[in-house]
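If you read the protein sequences in the order shown, they are chains A, B, C, D, E, F, G, H, I and J. Residues in the first sequence are numbered from 19 upward in steps of one, following our numbering. Residues in the second sequence are numbered from 19 upward in steps of one, following our numbering. Residues in the third sequence are numbered from 19 upward in steps of one, following our numbering. Residues in the fourth sequence are numbered from 19 upward in steps of one, following our numbering. Residues in the fifth sequence are numbered from 19 upward in steps of one, following our numbering. Residues in the sixth sequence are numbered from 19 upward in steps of one, following our numbering. Residues in the seventh sequence are numbered from 19 upward in steps of one, following our numbering. Residues in the eighth sequence are numbered from 19 upward in steps of one, following our numbering. Residues in the ninth sequence are numbered from 19 upward in steps of one, following our numbering. Residues in the tenth sequence are numbered from 19 upward in steps of one, following our numbering. Idealized CB from N, CA, C, for every residue including glycine. Data first, discussion second: the structure below is written as structure tokens.
Protein chains: 10
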Amino acid sequence: MEDRKKLLETFENAYPDRDYVIEHTAPEFTSVCPKTGQPDFATMILEYIPDQLCVELKAYKIYLTSFRNDGIFYESVTNMILDDLVAVLQPRYMRITAEFNVRGGISSVIEVEHHKEESIN
Amino acid sequence: MEDRKKLLETFENAYPDRDYVIEHTAPEFTSVCPKTGQPDFATMILEYIPDQLCVELKAYKIYLTSFRNDGIFYESVTNMILDDLVAVLQPRYMRITAEFNVRGGISSVIEVEHHKEESIN
Amino acid sequence: MEDRKKLLETFENAYPDRDYVIEHTAPEFTSVCPKTGQPDFATMILEYIPDQLCVELKAYKIYLTSFRNDGIFYESVTNMILDDLVAVLQPRYMRITAEFNVRGGISSVIEVEHHKEESIN
Amino acid sequence: MEDRKKLLETFENAYPDRDYVIEHTAPEFTSVCPKTGQPDFATMILEYIPDQLCVELKAYKIYLTSFRNDGIFYESVTNMILDDLVAVLQPRYMRITAEFNVRGGISSVIEVEHHKEESIN
Amino acid sequence: MEDRKKLLETFENAYPDRDYVIEHTAPEFTSVCPKTGQPDFATMILEYIPDQLCVELKAYKIYLTSFRNDGIFYESVTNMILDDLVAVLQPRYMRITAEFNVRGGISSVIEVEHHKEESIN
Amino acid sequence: MEDRKKLLETFENAYPDRDYVIEHTAPEFTSVCPKTGQPDFATMILEYIPDQLCVELKAYKIYLTSFRNDGIFYESVTNMILDDLVAVLQPRYMRITAEFNVRGGISSVIEVEHHKEESIN
Amino acid sequence: MEDRKKLLETFENAYPDRDYVIEHTAPEFTSVCPKTGQPDFATMILEYIPDQLCVELKAYKIYLTSFRNDGIFYESVTNMILDDLVAVLQPRYMRITAEFNVRGGISSVIEVEHHKEESIN
Amino acid sequence: MEDRKKLLETFENAYPDRDYVIEHTAPEFTSVCPKTGQPDFATMILEYIPDQLCVELKAYKIYLTSFRNDGIFYESVTNMILDDLVAVLQPRYMRITAEFNVRGGISSVIEVEHHKEESIN
Amino acid sequence: MEDRKKLLETFENAYPDRDYVIEHTAPEFTSVCPKTGQPDFATMILEYIPDQLCVELKAYKIYLTSFRNDGIFYESVTNMILDDLVAVLQPRYMRITAEFNVRGGISSVIEVEHHKEESIN
Amino acid sequence: MEDRKKLLETFENAYPDRDYVIEHTAPEFTSVCPKTGQPDFATMILEYIPDQLCVELKAYKIYLTSFRNDGIFYESVTNMILDDLVAVLQPRYMRITAEFNVRGGISSVIEVEHHKEESIN
């Protein structure tokens, strides 16, 4: 698990003097429910204001795919992705919105934010 | 009626140091109109910022299903669900939006909010 | 169960010399899964060409509502509603299309037809 | 009631040598339910292949508006409008599709057709 | 006209200690244009924060239906409905949004608000 | 009026050995109502199977624009456009579908077809 | 051109003690491009808070129609309509949003606002 | 691979005297591209007319999930699912429509049908 | 130009005993208008029933991309793509539907079909 | 590259005393991925409040088309277009929103803003 962060490659932000927003929407996220062993599906939306680094898109895709056969809860996976990206990119602002498909007649959304001043370990 | 709250199971919030939003949308809520005895139907949207506890999704579904054959008004059921969830979860913020189907050519929405500082008994 | 058919009231078709189509769409059908005990939800679409009789709309609604707490499979309930309506109305043509909500990530549709020449007991 | 047909004005079809289709969609049809006294609402769709006569659009609108305060059932009003238009226009083909709003959680459509060979009195 | 307000029945707000929003959307409002005598159609959206009283839904429907054959302008009917509801309910906040169908190629919306501090006679 | 046809330029069909369909959808057609003097608006859909000639797109646009200030009825303009295009292109098949905007609460569609065997003068 | 303003008729605002919003959406606006001579098409949205006067809807339609054969740029026609309406109505607030159809693969929106304190000549 | 078919459980068709259609839509199908090793995603639509047997819905879901980590081409997986279901259910008619997500800017659909008279080994 | 066909790679159809449909939708097709030099854009939809060969998806994408800077008319490019694919795949059936974006206020669709019995050189 | 800015032609803002918004949406932007050599596609949305100058629409289109065969990253092209337009127009406010099509199952949006006080070289 602690190795997953290494999948995230970065490139230098060429416009660090300007605050601007990058958004990547990945509708093909899938992991496994730790209780039932059945697959879960979500659209994972990443929005951030870069500081010195941007996430490389293909590496980000491989990072998301690495959750494919892991058993993990909705709330945990969303917070964990935020923590990994914040640790690697040190962005000025970041938000993850995870929209999970219907389970038991109920659909769920988890939305987590990070602001620069908040410390991350 | 006073037993219904016991249906709500919880699990510990693993990220209590961060404010984040959990949203569960249940389009299959149904109860009974106390005046006509005919069934009512609604989409029940729960949004909250957890403090120490999150609601377990399957238990929440069973809790909602428990209203299936109860006669209860739109305004009452929406406020009652908020009160039950606030009492059990003690969230930092919570909102229930209940979107009821057309009756007599009119559709209705009830929207109720709770903020931590407001006291709930 | 054998009494349910009696809920269906009829009125005389005032235009029996002309073939025409009547369609009633009921998006609030609900019954109970006989395996899990959890509620099922469907949109029930009735299309028919009346012969001498039409189904009274309010009685039809009460008939559909009578399934609310019955445990019954998708395929059975759709065929049973067709059989009941055909027995009472003796229509020239009838089709029931039942569109069931997502269960286990899968939504289902059952479509059953009746033509006059086919005998119903 | 027998006077209503007189509201329908016509103009000569300038292209009688060619079969072509005219469609008028009127989403603002309203009449009154003869049982409850409450208003009903429908979208009234008229499609026809003219022979020697076309219906004048403004007169057709006034004709539809004349049902505003009449108590009349779904099936009757749809067949009656077809009969009136067929009697006045003598079209090669005509279809009325009446899409009624939700009542008691159920929406209804009535679809009636006329072909030239069928005699209308 | 001054009697119309009497059609509005109320019931006691069971949750007066909490500000919450009730919304009723009525897509079947119709009145008559005082200039042309032709019917007008609108979707009438009522949103309010109740104080001690809520409007009874069936009575509200009958109240709206009472405009069916009255000749009245868009701006007037919207303001008049707000005044009647404010006088009867004394709400903490109320908004009426009336969305009128296309006339002469133009559709219109009238939006009127009331806040408690504003005096109504 | 008889000059309008001259606006239609053509180019040679490079694939005359194969039946294939060309469709041009023009949502910005406008002419004038001969009774009221007010502008009418339509989406004009042309579908055809070319024989030896195709219509040049820019010329077709100018042809449609030439109706801008002419007073002409729905049924006439649709048939006239078909006649002009058939006379110039001699297609194997052609259909014009004219979808007119709402007037007096009613929208209209006129659909006219031409098959090769039918003679056009 | 300076006469166009005279087309705008008004009626007295019956509710001047209350700020409320009137919105008229006209999807059939058309003028002519001064460079190419080809017609332009737009949806013209007018929103305003009336002071003592409201614009009469039919006169407003005729006013908009008066641009039909005028050559005028997007930015100019939107500002000009605002200036004319402000001069005639003296509203508390007004906004014009003009949504122009695709030209050269690009669609355009011009949005212009007026607040009472801003002086108009 | 040859064991996968054993995952498909069946139940007896209670209405074998009537031809009717069962449709199951599974938007969460995923397998792996055998060339790139990257996951593929599809909506898998099953339509069939049962003979003596119907497929049990939960077992069908587990069957579909069994492809999750298999490397297999679009055309192969669609035909293979048809063959497995036909072998187990012996239906009167069956169709599989597999709608695959965008890859390289292109989305794909594979549609395979089986009719009873066609022999399957 | 005559080399373009070589870009199309194939793989063997593993299910040649069964007629089935393969559909590839490419919304990012672009070429250049030979008259104006400006780019054209289309969604290119390929449907076919394979005989012994299927088109490899990545090679098909590169084939479509090869038109990027070519000046070519709508009708020609659509027929040419059909001819190339038919020559390489020898399918039992094939259809190309090319949906071109708005130009001069008009959008266009070209639809071309091939059946096995028709000879292609 | 430094010449591209010269493609941007301007015209004088005729209403410099009023802040208003101009928006141009170009859904046909395409450039080339510098890593893979494959084309990228985006909808490019420009919003600005002009000062003394407006961008001429046809010149802006030609400017956007000039990127057609350039290899450039998402983040770079969006910032570069903002810089070019700000340098030429000196607007009071400007925002570019670039919505890129799906690549590797992920769609991306880049949003960049400029306010007058920020210095641009």
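Skipping 5 residues on each side, what residues in its chain have a beta carbon closer than 7 Å to that of residue i?
i, result
"Ile128/D", "Tyr92, Glu93, Thr96 and Ala116"
"Gly122/H", "none"
"Ile124/H", "none"
Hey, out of the options, whose CA is closest to residue i's CA?
i, options, result
"Thr54/H", "Leu75/I, Pro52/I, Tyr66/I and His133/I", "Leu75/I"
"Ala105/H", "Gln70/H, Arg121/H, Gly123/H and Lys79/H", "Gln70/H"
"Leu64/C", "Glu131/D, Lys134/D and Ser126/D", "Ser126/D"
"Thr43/B", "His132/A, Glu131/A, Val130/A and Val120/A", "Val120/A"
"Glu131/I", "Asp21/I, Gly123/I, Arg113/I and Gln108/I", "Arg113/I"
"Thr83/D", "Tyr81/E, Arg86/E and Leu82/E", "Arg86/E"
"His133/E", "Phe29/E, Phe118/E and Tyr111/E", "Tyr111/E"
"Gln108/A", "Leu25/A, Asp21/A, Asn31/A and Ile124/A", "Asn31/A"
"Lys24/B", "Glu46/B, Ala60/B and Lys79/B", "Lys79/B"
"Ile56/H", "Leu103/A, Gln56/A, Tyr81/A and Tyr33/A", "The amino acid occupying residue 56/H in the given sequence is Gln; Ile does not appear at that position. Looking at the Cα atoms, Tyr81/A is the closest of the given residues."
Ends of the beta strand (DSSP E) at residue i?
i, result
"Glu27/C", "Neither: Glu27/C is in no beta strand (DSSP E) and is coded neither H nor E."
"Asn119/J", "Tyr111 to Arg121"
"Glu131/F", "Ile124 to His133"
"Ile40/H", "Tyr38 to Val50"
CB-CB under 8 Å to residue i, same chain, minus the five flanking residues each way: which ones, in chain order?
i, result
"Tyr38/J", "Ile67 and Pro68"
"Glu136/A", "Annotation note: pLDDT 46 at Glu136/A (below 50); position unreliable, coordinate value reported separately. Closer than 8 Å at the Cβ level, and outside the excluded window around Glu136/A, lies no residue."
"Ile90/A", "Ser49, Val50, Pro52 and Met98"
"Cys72/C", "Thr28, Phe29, Glu30, Asn31, Ile40 and Leu107"
"Leu103/C", "Leu26, Leu64, Tyr66, Val73, Pro109, Met112 and Ile114"
"Tyr33/H", "none"
Got a sec? Which residues, its chain only, sit under 6 Å from residue i by beta carbon, not counting five neighbours each side?
i, result
"Cys51/I", "Asp58"
"Asp88/D", "Ser49"
"Glu41/I", "Glu65"
"Glu27/B", "Glu74 and Ala77"
"Glu46/F", "none"
"Thr61/F", "Pro45 and Glu117"
"Asp21/H", "none"
"Arg36/A", "none"
What are the start and end residues of the alpha helix (DSSP H) that includes residue i?
i, result
"Glu65/H", "First-last for Glu65/H: Pro57 to Ile67, but that is the beta strand (DSSP E), not the alpha helix (DSSP H)."
"Ile80/G", "Leu75 to Thr83"
"Thr96/F", "Tyr92 to Leu107"
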